[in-house]
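This report concerns only the one structure given below.
What follows is the structure, given as structure tokens:
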């Protein structure tokens, strides 16, 4: 153990890797504990103590101290003074001591004691226990954090419960739980806190607050003896001055709501863009429609207040909307459009008290402006939109206002795009969208946003509608480049890896006529999960009756192994690609005797009589099984379907038959009648071939059409829904097979297997009996929600002589009977899974991975091996929810492209390279004179490129999705070969190269996936009303619009505002190639009334980052202006340390 002593001055003390004893002594000291289990005493002075690694004990001592526990399980004492304490990682114990302390538990299951004083207690992440002690304490609850806070001594009327992270009293559900009260978040259903000894009726809205500062006390409490103040120990031996050490390692950041200013104006653009002046600690917020700028006092971020409003129209006539504001060195610049939007606009300069300084003219529709970092210029993005009938289309441009000699001497130059007019076709060929009617390039480009490099030499301009970014050389004032951004592929990109069983690894079942018959005939597949230790993928399959594929001269079916007992077979795929059989569970009758694969009923089963290889008769087995599909229920039992009757078997986990369910009208010895009688009309050896399980229902798929009356006259098969609780048939659906193949006698008329995806959707293998690249073997996605349940139809729907199975698709349509819609998910043949005629196993491994398995007929054809195909969707993270009419959250891949079309952009440098961060909102040109916006359902899709066009155009699929009609019709014949949606529903990072922009990161479907997880009841809501679940899925989804960057410590963070559903996504983008998601926070009350102003923040538009050095408090801030609610909110950004 090292003993380290400070001096009476302000010391920097650094421990050793061992367990240290450190005494800071008087002075404002900074102490780092390092790796061991350290004891650190701050003593007198306002000290900064870091425990870092190890189980540390920290004592703040006198005065106002800051303590960070760091990693592991620490004990922290604030002692006297108003202390700020953070346990950080580990299960910590924290005592505030005397004073008004702010205490955060951090990650882990912490115990927090406020002790004496009016304390603020945050449990943060984990299951924490909070005890306020004496004084009026504030216990803070926050949405979106894991864990439940147990509050032991809450006193109604004295203490308060703080609400952070978008919580409001209306969000809460307060219920009695024994002798305690539970507080739950209605949005997520999570329990936020348990208040011990409190009756739920004691709580009211007065006990809750969003003001997270310590509660004031009218009269000071008597001064008690400090709870724990270790004595100041004298130096034991002098210590040399330590070498300077690095700052503590930043773990991440956490946003929490500090305060909101509300204009009370709904849906009038009353808070669009914010700006901040650090000298006056004022926010400047543009109110677009009224063309005013609110000056807001932000010196107390928890209590924002209006100082005054600048009325721009009062300065002169002809002003339209105010669109943007920026502040630098005491100068406020506001971009104002002309009341005639196609005429030149203005930039109006003010001082920070709102006094007008100068008005300068700029281009048409100035949409955004920014100061260069050196403060010498103001750059203005002049969007230059056309009028509604598209008869007037002004040029887009960038105005460069030089204020190096002061605002009074400001000069304006214009950087236009006219030099690119002659390069129109070149730009279009490169991917830049130039498509306005009769527009030159200069007219067509619409500058939306500007980001400037730190050296003030280069600006990048977002050309949103053009899906491009331009580069402006600020030394010459010329636009030098227009870079296309490309398109985001939302389709599935599949890859196949096939792993084969080694022949010698398969057990020998018997030797017949000198041939070793090995285990095989696998006709099902079920995925059980990944072994946590070995990382092996674990599967279950079953063998069919394929040992009886030949007949003798008398027409008897020969079963090569008459006493063959079918089994559930467990096998695993190892990380090195080896397949290993791990277990066989023989299928048994209820009495424990083995089941066989011998058919059941003479006269009904054409495979009877049956004989052994010597010609000896084999008696029928009433319970014999030809297993073709298996699933495992949540209770661990097995459900298997077979082809004979067809039937549904239910087995215990040890393989013992519980029950067999068969069509009505069959003898009782073969099973319990529970299925419609029509299913007994199955074609020989074409009964149930596939089974899937979802939400307590078994879904059994017929292999081929019923003989009802003629199997080969139709391509219609049935899907049966069976309720495992009631043991009844609850649904039937029709599926139309492809009925095509490489020869007239080899149609695609067989189902192979199926697996449930959830929400009524399934994957289904459909196949022919061929081999090689000419064979037909595809996996289709189907949706039962779009199909007719035959069980709900009246008996009169069918006329005399008609059956559901005999009707063609056209005849079904006349009766309004809808078969399941089909989309191609995977073409097995095209992927290379073409070595077999029988892919008969299908399993879902995860969202982007499926597995297929083939039946090798027990080696009848020795060239056919048993192969497990693993098919991965390499593009799974680029899915999206494309419909507001699909009944729920349905994030998946679709055969469409997304145009990035960023609104806001930001720029930063890393390792000598420049990167551009884009918020990929998307925007369409929709005017009476020209409208590119159309729904997929309105387009004619080229069947060569969209063979499943009918299914795609359903409202529950792509039919409702808004796309452009200006792209995708590649040959101009009115049929679309490609589909392009607006916006990427993401943020991206592009690297600036010598020749253009390189996409190095895109957040994929993060925004939809994260909001679906955290606020599932409000997924893809619109911003103008609550109770709008899923209403934006057809139209840009969450719609990321604003992005701003901020540096905390040595990390760079991106903050992205979601305009529609609301809230801010935070990512650590320090490594531009590998950003990390940090937090999603949404200060919206989904239970409030949007018009009445009780829904809080709606429609985040503009964001600004306020670094800690400019912040009115110690931590950085994020300001967000919300155009729909007319509110401006400040978020505190709290660093967390390792």
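In our numbering, the protein residues as written are 1411 to 2548.
Here a beta-carbon is modelled for each residue, glycine too, at the ideal position from N, C-alpha and C.
Using only CA atoms, which one of the options lies nearest to residue i?
{"i": "residue 1811", "options": "1758, 1610, 1831", "result": "1758"}
{"i": "residue 1474", "options": "1491, 1463, 1971, 1481", "result": "1491"}
{"i": "residue 1867", "options": "1860, 1884, 1878, 2398", "result": "1884"}
{"i": "residue 2516", "options": "2495, 2540, 2531", "result": "2540"}
{"i": "residue 1463", "options": "2381, 2128, 2043, 1480", "result": "1480"}
{"i": "residue 2195", "options": "2229, 2138, 2217", "result": "2229"}
{"i": "residue 2219", "options": "2488, 2107, 2148, 2316", "result": "2148"}
{"i": "residue 2060", "options": "1999, 2113, 2031, 2008", "result": "1999"}
{"i": "residue 2092", "options": "2445, 2101, 2114, 2077", "result": "2114"}
{"i": "residue 2550", "options": "2124, 2140, 2120, 2123", "result": "Coverage of the chain is limited to positions 1411 through 2548, which leaves residue 2550 absent and any answer about it impossible."}
{"i": "residue 2439", "options": "2181, 2497, 2318", "result": "2497"}
{"i": "residue 1904", "options": "2237, 2125, 2007, 1689", "result": "2237"}
{"i": "residue 1434", "options": "2007, 1857, 1417, 1447", "result": "1417"}
{"i": "residue 1797", "options": "2530, 1753, 1834, 1823", "result": "1753"}
{"i": "residue 2544", "options": "2463, 2310, 2508", "result": "2463"}
{"i": "residue 2036", "options": "2120, 2100, 2323", "result": "2100"}
I need the DSSP call for residue i, collapsed to helix, strand or coil.
{"i": "residue 2398", "result": "strand"}
{"i": "residue 2339", "result": "coil"}
{"i": "residue 2510", "result": "strand"}
{"i": "residue 2089", "result": "helix"}
{"i": "residue 2523", "result": "coil"}
{"i": "residue 2313", "result": "coil"}
{"i": "residue 2219", "result": "helix"}
{"i": "residue 2111", "result": "strand"}
{"i": "residue 1622", "result": "coil"}
{"i": "residue 1723", "result": "helix"}
{"i": "residue 2419", "result": "helix"}
{"i": "residue 1535", "result": "coil"}
{"i": "residue 2372", "result": "strand"}
{"i": "residue 1834", "result": "helix"}
{"i": "residue 2224", "result": "helix"}
{"i": "residue 1653", "result": "Residue confidence for residue 1653 is low, a pLDDT of 43 falling below 50, so the modelled location carries little weight and cannot support an answer."}
{"i": "residue 2197", "result": "coil"}
Assuming residue i contacts residue j under a Cβ cut-off of 8 angstroms, what Cβ separation, rounded to an integer in Å, is found between them?
{"i": "residue 1721", "j": "residue 1714", "result": "Actually they are not in contact, since the Cβ atoms of residue 1721 and residue 1714 sit about 20 angstroms apart, beyond 8 angstroms."}
{"i": "residue 2292", "j": "residue 2371", "result": "5 angstroms"}
{"i": "residue 2084", "j": "residue 2138", "result": "6 angstroms"}
{"i": "residue 2476", "j": "residue 2488", "result": "4 angstroms"}
{"i": "residue 1978", "j": "residue 1950", "result": "6 angstroms"}
{"i": "residue 2031", "j": "residue 2008", "result": "4 angstroms"}
{"i": "residue 1685", "j": "residue 1731", "result": "No, residue 1685 and residue 1731 are not in contact; Cβ-Cβ is about 17 angstroms, not under 8 angstroms."}
{"i": "residue 1695", "j": "residue 2531", "result": "5 angstroms"}
Find out if the Cβ-Cβ distance for the pair residue i, residue j is shorter than 8 angstroms.
{"i": "residue 2466", "j": "residue 2456", "result": "no"}
{"i": "residue 1554", "j": "residue 1529", "result": "no"}
{"i": "residue 1785", "j": "residue 1762", "result": "no"}
{"i": "residue 1425", "j": "residue 1452", "result": "no"}
{"i": "residue 1569", "j": "residue 1557", "result": "no"}
{"i": "residue 1872", "j": "residue 1879", "result": "yes"}
Excluding five sequence neighbours on each side, which residues of the same chain lie with their C-beta closer than 6 angstroms to the C-beta of residue i?
{"i": "residue 2506", "result": "2493, 2494, 2495"}
{"i": "residue 2286", "result": "2257, 2258"}
{"i": "residue 1653", "result": "Confidence is the limiting factor: at residue 1653 the pLDDT is only 43, short of 50, which leaves the residue's position unreliable and the question unanswerable from this model."}
{"i": "residue 2334", "result": "2342, 2343, 2392"}
{"i": "residue 1643", "result": "Because the pLDDT of residue 1643 is 34, which lies under 50, any placement of that residue in the model is unreliable, and the number read from its coordinates should be weighed accordingly. Taken in chain order, the residues that qualify are 1433."}
Residues in the same chain with beta-carbon distance under 8 angstroms from residue i, minus the five sequence neighbours each way, listed in chain order, please.
{"i": "residue 1927", "result": "1918, 1919, 1920, 1921, 1957, 1970, 1971, 2268, 2269"}
{"i": "residue 1499", "result": "1479, 1480, 1481, 1482, 1516, 1517, 1518, 1661, 2548"}
{"i": "residue 1769", "result": "1725, 1726, 1756, 1757, 1758, 1759"}
Note down, in chain order, each residue of its chain lying with its Cβ closer than 7 angstroms to the Cβ of residue i, except the 5 sequence neighbours on either side.
{"i": "residue 1623", "result": "1712"}
{"i": "residue 1651", "result": "Legend: pLDDT at residue 1651 = 43, less than 50; position of this residue unreliable, value from coordinates given subsequently. Excluding positions up to five away in sequence, the list is empty."}
{"i": "residue 1888", "result": "1825"}
Against chain D, does residue i count as a neighbour if the rule is that its beta carbon must be under 8 angstroms from one of theirs?
{"i": "residue 1955", "result": "Protein chain content of the structure displayed is limited to a single chain, and chain D is not contained in it."}
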